[in-house]
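Structure first, commentary second.
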Amino acid sequence: MVTTENPATDIHDARSRLVMSALRLFAEKGYKAASTREICDAAGANISAIRYYFGDKAGLYRAAFTEPMGDLPCGSNVAEYADLPLRDVLGRFFSEFLEPFKRGAELGLVMKLHFREMIEPTGAWQQEIDAEIKPQHAALVSLLQAHLGLPDIDADLHRLAFAMIGMAVYFYVGQEVVSVISPQILTAPNAIDALAERLAGYAVAMVEGEAARRAGEC
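Residue 53 in the UniProt record's numbering sits at position 53 of the sequence shown, and the numbers go up by one each step.
As structure tokens, this is what we get:
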């Protein structure tokens, strides 16, 4: 029996290997430090394949930044849960925000790359900000405004929202540090559930602290 190769499948596999190798190396090293030669070696591909499939290194980065995530959102849309008690809303928010840790190394790398982009921007992040981060932040700020009974949104509301989200973001950008100091925090689904619950509690305490601060200024 003669086995024939499928060129379309081979092309898809080669391209997919490049995307996944790029995802891993860009996430681990950043855009500048990860070389195209290193990515191609890891993918078992010729260096010319990057130009063929993606145009250049920047095109490969954009593919690695967007394609593996598919249609999964970056965190939760808190506006969908705004009618629930604050603790429940924040519990769902952090649970969904940390969900990629339960879905294997690939999505963990995607999120790590996304948050690396925040501190080492290449331009790919701007689209992510406009499409997901801005709406998510605006929904959280509106939720906090309603909970605190404020007539207007001010800078302190934005500070509070950024601080709350920042607690969860650290576990992506600081994943290696967490894994060395306290690896049990992220090693099992129930541990990640516990982390989400704790972060929700910390966030509620932050909101209560902000309410007390504002009351003291009255």
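Glycine residues also receive a C-beta, built at the ideal position from the N, C-alpha and C atoms.
(message) In whole angstroms, give me the CA-to-CA distance for F115 and E176.
(response) Translated into the one-based positions of the sequence shown, residue 115 becomes position 115. Translated into the one-based positions of the sequence shown, residue 176 becomes position 176. Looking at the two C-alpha atoms, the distance is approximately 13 Å.
(request) Compare the Cα-Cα distances from V169 to each of I181, A131, L18 and P100 and report the closest residue. (result) Taking the first residue of the sequence shown as 1, we reach residue 169 at position 169. Minimum Cα distance to V169 is reached at P100.
(message) Suppose contacts are defined by Cβ-Cβ distances below 7 Å. Is E120 in contact with G201 by that definition?
(response) Numbered from 1 along the sequence shown, position 120 holds the residue referred to as residue 120. Numbered from 1 along the sequence shown, position 201 holds the residue referred to as residue 201. Their beta carbons are not under 7 Å apart, which means E120 does not touch G201 by this criterion.
(request) Starting from the Cα of residue 282, find the closest Cα among E132, L113, E106 and H147 and give me that residue. (result) An answer regarding residue 282 cannot be provided, because it is not within the stretch 1 to 218 covered by the chain.
(request) Give me the Cα-Cα distance between R214 and R17, rounded to the nearest whole angstrom. (result) Taking the sequence shown and counting its residues from 1, one reaches residue 214 at position 214. Taking the sequence shown and counting its residues from 1, one reaches residue 17 at position 17. The straight-line gap separating the alpha-carbon atoms of R214 and R17 is approximately 53 Å.
(message) Classify Y52: buried if its beta carbon has 16 or more other beta carbons within 10 angstroms, exposed otherwise.
(response) Indexing the sequence shown from 1 puts residue 52 at position 52. Exposed.
(message) Suppose the cutoff is 7 Å on Cβ atoms and the five residues either side in sequence are ignored; what does the same chain contact list for K102 look like?
(response) Locating residue 102 in the sequence shown gives position 102, where the first residue counts as 1. Contacts found: P189 and I192.
(message) Rounded to whole angstroms, what is the Cα-Cα separation between L150 and L113?
(response) Mapped onto the sequence shown, residue 150 falls at position 150. Mapped onto the sequence shown, residue 113 falls at position 113. Each residue's alpha carbon lies about 36 Å from the other.
(message) For D71 and D88, what's the separation of their Cα atoms in angstroms?
(response) The residue labelled residue 71 in the question sits at position 71 within the sequence shown. The residue labelled residue 88 in the question sits at position 88 within the sequence shown. Bear in mind that the predicted position of D71 carries a pLDDT of just 49, short of 50, making it too unreliable to give a figure here.
(message) Checking 7 Å against the spacing of the C-beta atoms, do L160 and E210 come in under that value?
(response) Numbered from 1 along the sequence shown, position 160 holds the residue referred to as residue 160. Numbered from 1 along the sequence shown, position 210 holds the residue referred to as residue 210. It is a contact, given that the beta carbons lie within the stated cut-off.
(request) Assign K57 to one of two classes, buried (16 or more other C-beta atoms within 10 Å of its C-beta) or exposed (fewer than that). (result) As a first step, residue 57 must be located in the sequence shown, where it is residue number 57. With a threshold of 16 other beta carbon atoms within 10 Å, K57 meets it and is buried.
(message) Classify R37: buried if its beta carbon has 16 or more other beta carbons within 10 angstroms, exposed otherwise.
(response) Taking the first residue of the sequence shown as position 1, residue 37 is located at position 37. Result: exposed.
(request) In angstroms with no decimal places, state the Cα-to-Cα distance between T122 and A203. (result) Here residue 122 is taken as the residue at index 122 of the sequence shown, counted from 1. Here residue 203 is taken as the residue at index 203 of the sequence shown, counted from 1. Each residue's Cα considered, the two are about 31 Å apart.
(request) Determine the closest residue to E28 out of L109, C40 and I185, with distance taken between C-alpha atoms. (result) If you number the sequence shown from 1, residue 28 lands on position 28. Of the listed residues, the one whose Cα sits closest to E28 is L109.
(message) Let me check understanding here. Comparing Cα to Cα, which of M167, G59, P68 and S35 lies closest to M111?
(response) One-based indexing of the sequence shown puts residue 111 at position 111. Out of M167, G59, P68 and S35, P68 has the C-alpha closest to the C-alpha of M111.
(request) On a CA-only basis, which of L25, F162, S35 and N46 is nearest R15? Give me that one, please. (result) For the purposes of this step, residue 15 is taken as the residue at position 15 of the sequence shown. Selected option, being the one with the closest Cα: N46.
(request) Give every residue of the same chain whose Cβ lies closer than 7 Å to the Cβ of S21, excluding the five residues on either side of it in the sequence, and list them in chain order. (result) To locate residue 21, count along the sequence shown from 1; it is residue 21. Closer than 7 Å at the Cβ level, and outside the excluded window around S21, lie I39, A42 and A43.
(request) Could you tell me how far apart the beta carbons of F171 and L186 are, in whole angstroms, since I believe they sit closer than 8 Å? (result) Residue 171 sits at position 171 when you count from the first residue of the sequence shown. Residue 186 sits at position 186 when you count from the first residue of the sequence shown. Right, the Cβ-Cβ distance comes to about 7 Å (below 8 Å), so this counts as a contact.
(message) Mapping the DSSP letters down to three states, classify L60 as helix, strand or coil.
(response) Translated into the one-based positions of the sequence shown, residue 60 becomes position 60. Here L60 sits in helix by DSSP.
(message) Going by beta-carbon coordinates alone, are M167 and L143 separated by less than 7 Å?
(response) As a first step, residue 167 must be located in the sequence shown, where it is residue number 167. As a first step, residue 143 must be located in the sequence shown, where it is residue number 143. Cβ distance not < 7 Å, so M167 and L143 don't count as in contact.
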